[in-house]
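Using our numbering, you'd call the opening residue of the sequence shown number 12 and step up by one each time.
Idealized CB from N, CA, C, for every residue including glycine.
All values derive from a computational prediction rather than experimental measurement.
Quick notes on the structure that follows.
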Amino acid sequence: MFPLWDEMPTRKIPIITISLIIINCLVYYYQIFLVADSMQFIYSFGLIPYEVSQSIDVVPYGPSPIHLTVGTSMFMHGSFVHLFGNMLYLWIFGNNIEDYLGSFGFIVFYLLSGILAALTQILISPYSKVPMIGASGAVAGVLGAYFILFPKSRITTLIFFGFFIRLIKMPALFVLGLWIIFQLFYGLSNLSLQGANAGVAWFAHIGGFVGGIILIKLFKPIKKYRF
12 MFPLWDEMPT RKIPIITISL IIINCLVYYY QIFLVADSMQ FIYSFGLIPY EVSQSIDVVP
72 YGPSPIHLTV GTSMFMHGSF VHLFGNMLYL WIFGNNIEDY LGSFGFIVFY LLSGILAALT
132 QILISPYSKV PMIGASGAVA GVLGAYFILF PKSRITTLIF FGFFIRLIKM PALFVLGLWI
192 IFQLFYGLSN LSLQGANAGV AWFAHIGGFV GGIILIKLFK PIKKYRF
């Protein structure tokens, strides 16, 4: 199941959503093509739970204080597919949340969602030395907000059943509900010493999604919004 677009109109151009996509793409370009050692860059500016939980910066050294990697890691990605998936979800769902919160409110919401996502992963795996990178946690917060605000919005989704491929319009409640169920399933099934240090930060996704649900109730829309 692969979401492609939604049918919720926006009242203005989503400047922050577009800017975030551009920044993430530029950082990925820099990471892949302009940095001498991409892995050293990832270990320096990615979020390593052990470093943050212990307030220790190990070689290769990153920004000071090391807690700043909670922010820098949100704009880094491990592959083009990783980047494309996150930016697609951000574009589909982020424009409506920005429209609801306004530009300033949205950027604050986005960053707070990413922070909550990172803290959730650190809580689950405080001694992991595997760098966590990607906008997934912050984007998950956007999904959580969309899940609450626009549950009936129709999402055009690409469905795969073996060789059978079809475009189907489904409510966001179902699409995003199924998404978080998958995150919970994989997160809980990998909840072990090895799983907590695995390549996918499942609990960052879960923490971001739940964080988005909580945060959107604390933020006020910029003006009367008709659902």
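Distance, Cα to Cα, Trp190 vs Asp17? Roughly 16 Å between the two C-alpha positions.
Consult DSSP for Phe161 and reduce its assignment to one of helix, strand or coil. Under the three-state reduction of DSSP output, Phe161 falls in the coil class, being neither helix nor strand.
Considering only residues of the same chain and omitting the five flanking positions on each side of Ala146, which have a CB-CB separation below 8 Å? Within its own chain, the residues whose Cβ lies closer than 8 Å to the Cβ of Ala146, once the five positions on either side in sequence are excluded, are Leu31, Asn35, Met85, Phe86, His88, Asn97, Met98, Leu101 and Gly125, listed in chain order.
Taking a contact to mean a Cβ-Cβ separation below 7 Å, would you say Ile217 touches Ile159 in this structure? For Ile217 and Ile159, no; Cβs fall outside 7 Å.
Ile57 and Leu127 closer than 7 Å at C-beta: Residue identity check: residue 57 is Gly in the sequence provided, not Ile. Result no, Cβ atoms of Gly57 and Leu127 do not sit closer than 7 Å.
In angstroms, rounded to a whole number, what distance separates the CA positions of Val150 and Met143? Their Cα atoms are separated by approximately 15 Å.
Distance CB(Gly148)-CB(Gly82) smaller than 7 Å: Cβ distance not < 7 Å, so Gly148 and Gly82 don't count as in contact.
Proximal residues to Ile176 (C-beta, below 8 Å), its chain only, five neighbours per side dropped: Closer than 8 Å at the Cβ level, and outside the excluded window around Ile176, lie Leu169 and Ile170.
Closest Cα partner of Trp213 within the set Thr131, Thr28 and Tyr111: It is Thr131 whose Cα lies nearest to the Cα of Trp213.
Exposed or buried, what is Tyr111 when buried is set at 16 or more other beta-carbons lying within 10 Å of its beta-carbon? Answer is buried; the Cβ neighbour count reaches 16.
Any idea what DSSP makes of Thr28, helix, strand or coil? Secondary structure at Thr28: helix, using DSSP grouped into helix, strand and coil.
Own chain partners of Leu195 with C-beta closer than 7 Å, once the 5 adjacent residues on each side are dropped: The answer, listed in chain order, is Ile217.
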